[in-house]
Amino acid sequence: MKKNKNKNKNKKIKVAITLLYCLALIFAAIPFAKYFAIATHAQLTTVQETKTLPTIIPDAQPLQAPQVQDVLAAAGNQDRQAVGQVVIPKVDISQPIFVGLTLVNMGNGTVSLFPNRTPDKNSLTIIGHHLGFTTLLFGRIKELVQGDMVYVRYLGQYYQYEVQTSEVINENQVDKLVDKGPDWLFLLTCEVSFESPERVFVRAKRVDTKPQEVGQAMEVFTQKASNTKIKNYLFLFILPIILVIIFSILFLRYVWKKL
């Protein structure tokens, strides 16, 4: 009888340890889940480009820090038609440009903040999300300094810009975004990865370069960035998941065997 009581007690301890371990694992995985979802979405997303603005541009939505549900909504949206691409070799950024300041578009890449402004006639303003995970989305523009190059393809045309200034501004300083003519590009992202009134604001001036040279530079970097993203995805996301699974199996096996 005593032996059965000890056996039942040990079994309860094993179950309790297993449940506590699984709960701890779930809580630890919640922040990681957002980055994993975004990274997986980026790996699987195929974007088509158009050379004309869409006839209907979605109404702007209030911006907020990206959540897992936003990524899932973006993944479920099959209408991924971009108007261009922004490439910044210095910080390993290669992102499509969409029109319509929506959570889905921001989850898919970057957004042209003023879609009726075209780079051949106006200043182009591109906004993107900032995540704490530096390999994703647009947050690394805060690392740009004077002299860094930015390449843009917009509605089939190619442009090259050189960074002039970078500063942190308040979201209410809309005067910074006033159209200053076709020579300027403005880049925007949140200053931190959570909701904040502060924005990183980068100003870049157009460089007189042949379109085919810009196109070649973008193509070369985009291919390189694609290979880098695959390696980062495997190393930063898939490998940790595999290691956690292996460790969990060994740990729980040890618990059930020893107790």
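Numbering (my numbering), first residue to last: 366 to 624. Yeah, the Cβ is synthetic: ideal placement off N, Cα and C, and Gly gets one too.
The beta strand (DSSP E) enclosing residue i, as first and last residue numbers
i      : result
Leu466 : From DSSP, Leu466 is part of no beta strand (DSSP E); its letter is neither H nor E.
Ser477 : 475-477
Thr490 : 489-492
Leu550 : 549-555
Ile453 : 449-453
Supposed close pair residue i, residue j - CB separation, criterion 8 Å
i      : j      : result
Leu390 : Ser613 : 7 Å
Met514 : Gln529 : Contact flag wrong, Cβ pair sits at about 12 Å.
Val476 : Leu418 : Between Leu418 and Val476 the Cβ distance is about 13 Å, and since that is not below 8 Å, they are no contact.
Glu556 : Val533 : 5 Å
Residue range of the alpha helix (DSSP H) that includes residue i
i      : result
Phe602 : Careful: Phe602 lies outside any alpha helix (DSSP H) and carries neither H nor E.
Residues bridged to residue i [DSSP beta-bridge criterion]
i      : result
Arg568 : Thr530, Phe551
Ser561 : Answer is none; Ser561 lacks a bridge partner.
Glu414 : Ala447
Pro461 : Gln450
Heavy atom of the ligand FAD within 8 Å of residue i beta-carbon
i      : result
Asp457 : Only the bare structure without any ligand can be found here, which leaves the ligand FAD out of the picture.
Test item: CB-CB of residue i and residue j under 9 Å
i      : j      : result
Tyr516 : Met471 : no
Gln450 : Glu414 : yes
Phe551 : Ile491 : yes
Val412 : Gly493 : no
Leu617 : Leu553 : no
Pro562 : Gln522 : no
- Query: What are the uninterrupted segments assigned as beta strand (DSSP E) that are 3 or more residues long and contained completely in the segment 499-545, given in chain order?
  - Reply: 514-519, 522-535
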